[in-house]
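Per the working numbering, the sequence shown starts with residue 36, numbered consecutively. A virtual CB, placed ideally from N, CA and C, is assigned to each residue, including glycine. Remarks on the structure that follows.
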Amino acid sequence: MNLEVMLANTPPTASHYAHAVVTTYPQRMLHTSGIAPINAEGMVPDGIEDQSRVVWTNLLEILAESEMDITDVVSVTTYVVVGQPIGAVLVARDRALKGHRAASTVVMVSELIRPEWLIEIALVAAK
Numbered sequence: 036m037n038l039e040v041m042l043a044n045t046p047p048t049a050s051h052y053a054h055a056v057v058t059t060y061p062q063r064m065l066h067t068s069g070i071a072p073i074n075a076e077g078m079v080p081d082g083i084e085d086q087s088r089v090v091w092t093n094l095l096e097i098l099a100e101s102e103m104d105i106t107d108v109v110s111v112t113t114y115v116v117v118g119q120p121i122g123a124v125l126v127a128r129d130r131a132l133k134g135h136r137a138a139s140t141v142v143m144v145s146e147l148i149r150p151e152w153l154i155e156i157a158l159v160a161a162k
């Protein structure tokens with residue numbers, strides 16, 4: 036069971052995420068690698084919006100293959116290349132999470148392993 040923790044004595048979160056998530060006696064945990072913005076055809080789309088959508092599509096497929104769903108996600112770590120509009124990244128995350136709150140961290144980086152990649156996301160899920 037996953038329970039979100041929202042601190043009462045702090046300002047509201049900057050976007051839709053939980054301060055923390057407590058997982059009680061999980062039967063299974065999933066830890067993804069950093070998932071790159073490569074679509075099913077092996078292509079990397081242009082732009083942070085399209086790349087964000089591709090990464091979340093890939094993550095949703097990993098969850099399904101692992102017999103988990105978005106409500107099992109407890110933590111998301113997003114790496115975004117400096118200079119990219121973070122708003123598009125948060126919109127894609129919130130759309131994929133469908134109202135579910137996970138602990139979330141966004142890290143701005145100078146570059147990723149391939150120059151055309153603008154975003155990479157890793158997550159942890161527990162069921």
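| Check | Outcome |
| --- | --- |
| Taking the alpha carbon of A131 as the point to measure from, which residue in V115, L95, D107 has its own alpha carbon closest? | L95 |
| Taking the C-alpha atoms as reference points, what is the distance between P72 and Y60? | 33 Å |
| Using the rule of at least 16 other Cβ atoms within 10 Å of the residue's Cβ for burial, across every protein chain shown, is V108 buried or exposed? | buried |
| Near Q86, which residues of its chain fall below 8 Å by C-beta distance, leaving aside the five closest residues on each side in sequence? | P72, V79, P80, W152, L153, I154 |
| Quick one, which of E100, E84, M143, D104 has its alpha-carbon nearest G118's? | M143 |
| Quick check: what's the CA-CA separation for R88 versus N74? | 10 Å |
| Which residue's Cα is closest to the Cα of A43: G82, D129, A53? | A53 |
| Quick check on DSSP: helix, strand or coil for E168? | Only positions 36 to 162 of the chain appear in the structure, and residue 168 is not among them; the question remains open. |
| Using beta carbons (cut-off 8 Å, strictly below), is E39 in contact with chain B? | In the displayed structure, chain B is absent; only one protein chain is listed. |
| Is the beta carbon of H66 less than 8 Å from the beta carbon of T106? | no |
| For V56, does the count of other Cβ atoms within 10 angstroms reach 16, so buried, or fall short, so exposed? | buried |
| Under a Cβ-count criterion, where at least 16 other Cβ atoms within 10 Å of its own Cβ denotes burial, should A123 be classed as buried or exposed? | buried |
| According to the Cβ coordinates, are L158 and V111 closer than 8 Å? | yes |
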